[in-house]
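Chemist: Chains Y and B, in that order, are what the protein sequence lines are. Just so we're aligned, residue 5 is where the first sequence starts under our numbering, counting upward by one. Just so we're aligned, residue 64 is where the second sequence starts under our numbering, counting upward by one. Beta carbons are placed, not taken as given, at the ideal position from N, Cα and C, and that holds for glycine. Quick caveat, the model's predicted, so the values are computed rather than measured.
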Amino acid sequence: MDRKLERILPLVQKPARYTGGELNSVIKDKNKVDIRFAFCFPDSYEIGMSHLGMKILYSAANERDDTWCERVFAPWDDMEEQMRRNNIPLYALESGDPIKDFDIIGFTLQYELCYTNVLNMLDLAGLPVRASDRKGLSPIVMGGGPCVCNPEPVAEFFDLFSLGEGEEVNSEIMDLYKEHKKRGSSKEEFLTDAAKIPGVYVPSLYKTEYNADGTLKDIIPCEGAPETVTKRIISDLDKVFYPDNFVVPFIDVVHDRVTHEIFRGCIRGCRFCQAGFIYRPIREKSPDVINEQCKTLCKNTGYDEISLCSLSSSDYTKIEELLSKLLDWTGDEKVNIALPSLRVDNFSEELVKKLTGVRRSGLTFAPEAGTQRMRDVINKNVTEEELIETANIAFSNGYSAVKLYFMLGLPTETDEDVEGIGLLAKKVVDAFYMNPDKPKGRGVNVGISASSFVPKPFTPFQWEPQATPDELAQKQEHLKNTLPSKKINVSFHNIPTSFLEGVFARGDRRLSDVIECAWKKGCRFDGWGDKFMFDKWQESFVDCGISPEFYANRRREYDEKLPWDHLDFGVSKAFLMKESKKSYNAETTPHCRIKCAGCSANKLNGGKCDV
Amino acid sequence: MYDLRLYISKKGRIKFVSHLDMFRLMQRAVRRAEIPLWYTEGFNPHPYISFLLALSLGVESEGEPVDIKILGDMSPQEVKDRLNRCMPEGLYVESAVKPFNKSAEIAYGTYKVLYSKEDISENELFEALTSGSLTCEKSGKSGGKKVMKTVDVSQHIKSFKLSSENEDIGLEVVLPAGSTFNLNPIQLSQAVSGYLGKEVVPVSVIRTALHTEDMTGFY
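Quick look at the structure:
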């Protein structure tokens, strides 16, 4: 270990974030690889090490003999200060080598408010933050993850984006890079070629033009770049690479367990939910494959907990078969199974019985809205009866704490809809006291978490104005004042945070200036309440002459050119428009297994969906 | 079922893993090694693994005693070999023996501390250690409340030896360790800093041995 680093680590919080050396981390001989890949997660170690996508892509890249992929996280502010003071550049955890000299630096963009961390990490590495200022072939700075469905606000900082699922396309990018590195190509030559790989978007090859009113006029591809870049998907989840090993962190991270995805995509089509659309089409993994992989992972990591993850676990068609298979061995091995993301309407008694065999935590359900009309507008397809019935199953099985997720600021929302949230929670409280099988000697605890709705690209609400900060504050106040029971706790999301998220979610390329400006003013870790400096952001918008309201609170017309129109995530714009119009009439769309809604995402999988 | 005491060395960057995190780490290591451990009974059963003495963050060790209970008759050698195949970098089971002393009998620890000659000279260090007036602030409890107490460090230095090692000064020091009173080389360094009126942070600290009250080895 570097002596300089060794002397500063005792001065920072949780130094094991910065040491590397965790079990199963991959060490290779740097002289025997062609590609050094820095996989960067632009948030704290504890958040990044919880992320399944990073585990998958880290292992997949290291499967290649010619590549050494290493992990990098955003240093916390105390460490940043020490690094800058002692001239320690951002380094990768496995080798301790500065990432500046790597071939590829890949960022996963999970959340809009991590953008300043990306800039800060590039700067800590000793690299210019703007792609146009980084002249050589290496390092290539690429981005992936859900935010790249509209990467325009960060387009100036990246050389390329990888759209959709990365297992295959990342490897294709590395193959091409290797070829160009051997040839001694320039960065431009490599990027022009990379743009021909399906799923690769090279922002510098697209010119943007704007109308006088500030809206987008056109995005024009150059140098043979495709008009539309279509996201990549993995056709068969049973055959795709899945790690048999996770890096096991030393310190406690957010999700410190074996995580296994059981399917990708979602059948539900809730109109506010970006994940429900951009991860389509639906593809399940078979129970046998999941079971075997979980067994291997538990053996190799020593974890005693498995979390089955997906967008809606109870929609997995073979959930009972899978749980039976897992419970066959997890009981003896004292392994606990967690099943998050359960829906209210198909939460069965058998399922909860199976899960209560292991350690129990609280239950969380997401009705998302307080009245039936509002739930119909957002196509949540959950009724009050179903929620009460589910709460009763939970109470009869020993649960006494229930958490309910709601959103404020949904399109067409009225005061009555806001009041409905409290009334619905009160009915859950009443159900507890009327339940003859409720846990004895305990009171009920119903928690409401009310977040602020942020309209996102590739959803039927992508044209909607976001409720203004003032409107959101009034709604929060109204909910608090109309809560009908003291058994209900309510918590809210920070409004300025949601506002900024709304700006960047549907922003365009001109926002790159604002992000750079805010970063220069010291903004980092904007997703962390105690680090978020809204005043610096407001100053930055003023300095750059950009109105954030233009992006967050403006209604877009259906025929307006959107900054992500040249990207194709499967679902068609016509479908989203149809869904948008239905929402105004509170008209629901049945889920995909009842009736195909014709979203066209199946074109990504040769016409196949859910088979 | 029988009791087994492991002596685990902790060297290199893993010294930055805290005492609290070590428990979870060991729990996973015994699972990977498939060692049949006795589980505690109760609402939330967990394998019985007991670190006899805390080791401060950033301090290395030649062998920390850890007690476990083995179900069945797997031999100590087998336990040691299996664990060593599954340990993270920097941790190694040096020995696995039937416990002799009780954990409460730990009274002293021997540490090897390195200071950079850029930070402090041998004479300065000698002067500080023999001054008789070293003190440091230590958090303690008084009537259930957390309070800062001034500790007379000088009277607790059982013995010490200085040596010159290239760019560093080596200090071998015996300090109180155990359940009743603890003083570690980082606190000692703070006391030295206070005495000399300048910041003296050790380059490295390693605990080399533990002793009972009469200074025999702890086994």
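Any beta carbon of chain Y sitting closer than 8 angstroms to that of B/ASP84?
Modeler: The residue labelled residue 84 of chain B in the question sits at position 21 within the second sequence. B/ASP84 counts as touching chain Y.
Chemist: With a threshold of 8 angstroms between beta carbons, is Y/ILE255 in contact with chain B?
Modeler: Locating residue 255 of chain Y in the first sequence gives position 251, where the first residue counts as 1. Closer than 8 angstroms to some Cβ of chain B, the Cβ of Y/ILE255 qualifies, so yes.
Chemist: Who are the near neighbours of Y/ILE12 in its chain, counting only those whose CB is closer than 7 angstroms to its CB and skipping five residues on each side?
Modeler: Translated into the one-based positions of the first sequence, residue 12 of chain Y becomes position 8. The residues are GLN86, ASN90.
Chemist: For the alpha helix (DSSP H) that Y/ILE294 lies in, which residues bound it at each end?
Modeler: As a position in the first sequence, residue 294 of chain Y is number 290, starting the count at 1. Where Y/ILE294 is concerned, the enclosing alpha helix (DSSP H) stretches over 291-305.
Chemist: Since Y/GLU26 meets chain B, which of its residues come closer than 9 angstroms, beta carbon to beta carbon?
Modeler: Here residue 26 of chain Y is taken as the residue at index 22 of the first sequence, counted from 1. Going along chain B in sequence order, the residues near Y/GLU26 (Cβ under 9 angstroms) are PRO151, GLU152.
Chemist: Counting contacts by CB-CB distance shorter than 8 angstroms, is B/ALA92 in contact with chain Y?
Modeler: Counting from one through the second sequence, the residue named residue 92 of chain B turns up at place 29. By this cut-off, B/ALA92 is an interface position.
Chemist: Do you know whose CA, among B/TYR65, B/LYS73, B/VAL129, lies nearest B/ILE169's CA?
Modeler: As a working note, residue 169 of chain B is residue 106 in the second sequence. Closest by alpha carbon: B/VAL129.
Chemist: So the beta strand (DSSP E) Y/ALA370 belongs to, where does it begin and stop?
Modeler: Here residue 370 of chain Y refers to the residue found at position 366 of the first sequence. From DSSP, the beta strand (DSSP E) with Y/ALA370 extends over 367-372.
Chemist: Can you find a CB in chain B that lies within less than 8 angstroms of the CB of Y/VAL252?
Modeler: In the first sequence, the residue the question calls residue 252 of chain Y occupies position 248. With 8 angstroms as the cut-off, Y/VAL252 counts as an interface residue toward chain B.
Chemist: So, helix, strand or coil for Y/ASN340, using DSSP?
Modeler: As a working mapping, residue 340 of chain Y is identified with position 336 in the first sequence. In this structure, Y/ASN340 counts as strand in the three-state DSSP scheme.
Chemist: Exposed or buried, B/GLN140, counting other C-beta atoms within 10 Å across all chains shown (16 or more means buried)?
Modeler: Numbered from 1 along the second sequence, position 77 holds the residue referred to as residue 140 of chain B. Counting Cβ neighbours within 10 Å, B/GLN140 comes out exposed, since fewer than 16 surround it.
Chemist: Y/THR23 touches chain B at which residues, Cβ-Cβ below 7 angstroms?
Modeler: As a position in the first sequence, residue 23 of chain Y is number 19, starting the count at 1. Simply ARG76, PHE79.
Chemist: Would you say Y/VAL306 lies against chain B (beta-carbon separation less than 8 angstroms)?
Modeler: Here residue 306 of chain Y refers to the residue found at position 302 of the first sequence. The question names Val, but residue 306 of chain Y is Gly in the sequence shown. Y/GLY306 counts as touching chain B.
Chemist: On the three-pair Cβ rule with 8 angstroms, is the segment 247-262 of chain Y touching the segment 13-27 of chain Y?
Modeler: The answer is yes - the segment 13-27 of chain Y touches the segment 247-262 of chain Y, with three or more Cβ pairs under 8 angstroms.
Chemist: How big is the Cα-Cα spacing for B/SER124 and B/ILE71?
Modeler: The sequence position of residue 124 of chain B within the second sequence is 61, counting from 1. The sequence position of residue 71 of chain B within the second sequence is 8, counting from 1. Roughly 8 angstroms between the two C-alpha positions.
Chemist: Based on the DSSP output, what are the partners of Y/ILE492 in its beta bridges?
Modeler: Within the first sequence, numbered from 1, the residue matching residue 492 of chain Y stands at position 488. Y/ILE492 is bridged to Y/VAL450.
Chemist: Taking the alpha-carbon of B/MET89 as reference, which of B/THR173, B/PRO239, B/HIS109 has the nearest alpha-carbon?
Modeler: Here residue 89 of chain B corresponds to residue number 26 of the second sequence, with the count starting at 1. That would be B/HIS109, whose Cα lies nearest to the Cα of B/MET89.
Chemist: I'd like to know if B/ARG95 contacts chain Y, where contact means its C-beta is closer than 8 angstroms to some C-beta of that chain.
Modeler: The count along the second sequence starts at 1 and reaches residue 95 of chain B at position 32. Interface residue, yes.
Chemist: Give a yes or no on contact between the segment 524-535 of chain Y and the segment 436-447 of chain Y, applying the rule of three or more CB pairs nearer than 8 angstroms.
Modeler: Touching, no.
Chemist: Kindly say whether B/GLY233, judged by its beta-carbon, lies nearer than 8 angstroms to any beta-carbon of chain Y.
Modeler: Working through the second sequence from its first residue, we reach residue 233 of chain B at position 170. It does not; no Cβ of chain Y falls within 8 angstroms.
Chemist: Is it the case that the segment 67-82 of chain B contacts the segment 600-615 of chain Y, given that we only count it when at least three CB pairs across the two stretches are under 8 angstroms?
Modeler: The segment 600-615 of chain Y is not in contact with the segment 67-82 of chain B.
Chemist: Which of the three DSSP states, helix, strand or coil, is assigned to Y/VAL258?
Modeler: Residue 258 of chain Y sits at position 254 when you count from the first residue of the first sequence. Looking at Y/VAL258 - three-state DSSP - the assignment turns out to be coil, as it is neither helix nor strand.
Chemist: Once the 5 residues before and after Y/PHE538 are set aside, which same chain residues still bring their CB inside 6 angstroms of it?
Modeler: The residue you call residue 538 of chain Y lines up with position 534 of the first sequence. Contacts found: PRO500.
Chemist: With DSSP as the reference, please indicate the residues paired to B/MET211 in a beta bridge.
Modeler: Residue mapping note: residue 211 of chain B aligns to position 148 of the second sequence, counting from 1. BP columns for B/MET211 point to B/SER202.
Chemist: Please list the partners that B/LEU88 has in chain Y, where partner means a Cβ-to-Cβ separation under 7 angstroms.
Modeler: As a position in the second sequence, residue 88 of chain B is number 25, starting the count at 1. Those within 7 angstroms of B/LEU88 in chain Y are PHE254.
Chemist: Can the beta-carbon of Y/VAL37 be found less than 8 angstroms from the beta-carbon of Y/TRP72?
Modeler: As a position in the first sequence, residue 37 of chain Y is number 33, starting the count at 1. As a position in the first sequence, residue 72 of chain Y is number 68, starting the count at 1. Yes; because the gap between Cβ atoms is below 8 angstroms, this pair is in contact.
Chemist: Of all Cβ atoms in chain Y, is any one closer than 8 angstroms to the Cβ of B/GLY121?
Modeler: Here residue 121 of chain B refers to the residue found at position 58 when the second sequence is read from its first residue. Judged by the 8 angstroms Cβ criterion, B/GLY121 is in contact with chain Y.
Chemist: Any C-beta of chain B sitting closer than 8 angstroms to the C-beta of Y/LEU97?
Modeler: Taking the first residue of the first sequence as position 1, residue 97 of chain Y is located at position 93. With 8 angstroms as the cut-off, Y/LEU97 does not count as an interface residue toward chain B.
Chemist: Which residues mark the beginning and the end of the alpha helix (DSSP H) in which B/TYR70 is found?
Modeler: Here residue 70 of chain B refers to the residue found at position 7 of the second sequence. Per DSSP, B/TYR70 belongs to no alpha helix (DSSP H); it is in the beta strand (DSSP E), 65-73.
Chemist: Does any CB atom of chain B fall closer than 8 angstroms to the CB of Y/MET5?
Modeler: Residue numbering aside, residue 5 of chain Y sits at position 1 when the first sequence is read from its first letter. For Y/MET5, the answer is yes, since a Cβ of chain B falls inside 8 angstroms of its Cβ.
Chemist: May I ask you to report which of helix, strand or coil DSSP gives Y/ASN609?
Modeler: The sequence position of residue 609 of chain Y within the first sequence is 605, counting from 1. In this structure, Y/ASN609 counts as helix in the three-state DSSP scheme.
Chemist: Where do the ends of the beta strand (DSSP E) carrying B/VAL266 lie?
Modeler: Reading the second sequence from its first residue, position 203 is the one you call residue 266 of chain B. B/VAL266 -> no beta strand (DSSP E), and no H or E assigned at all.
Chemist: For B/GLY121, does the count of other Cβ atoms within 10 angstroms reach 16, so buried, or fall short, so exposed?
Modeler: Taking the second sequence and counting its residues from 1, the one referred to as residue 121 of chain B is at position 58. Under this definition B/GLY121 is a buried residue.
Chemist: Could you work out which residues of chain B lie near Y/LEU13, taking near to mean beta carbons separated by less than 8 angstroms?
Modeler: Mapped onto the first sequence, residue 13 of chain Y falls at position 9. Result: PHE79, GLY121.
Chemist: Between the segment 245-257 of chain B and the segment 213-224 of chain B, are three or more C-beta pairs nearer than 8 angstroms?
Modeler: Yes, the segment 245-257 of chain B is in contact with the segment 213-224 of chain B.
Chemist: Contact criterion: CB-CB distance below 8 angstroms. Does Y/ALA342 meet it with respect to chain B?
Modeler: Stepping through the first sequence from its first residue, residue 342 of chain Y is reached at position 338. No, its Cβ sits nowhere closer than 8 angstroms to a Cβ of chain B.
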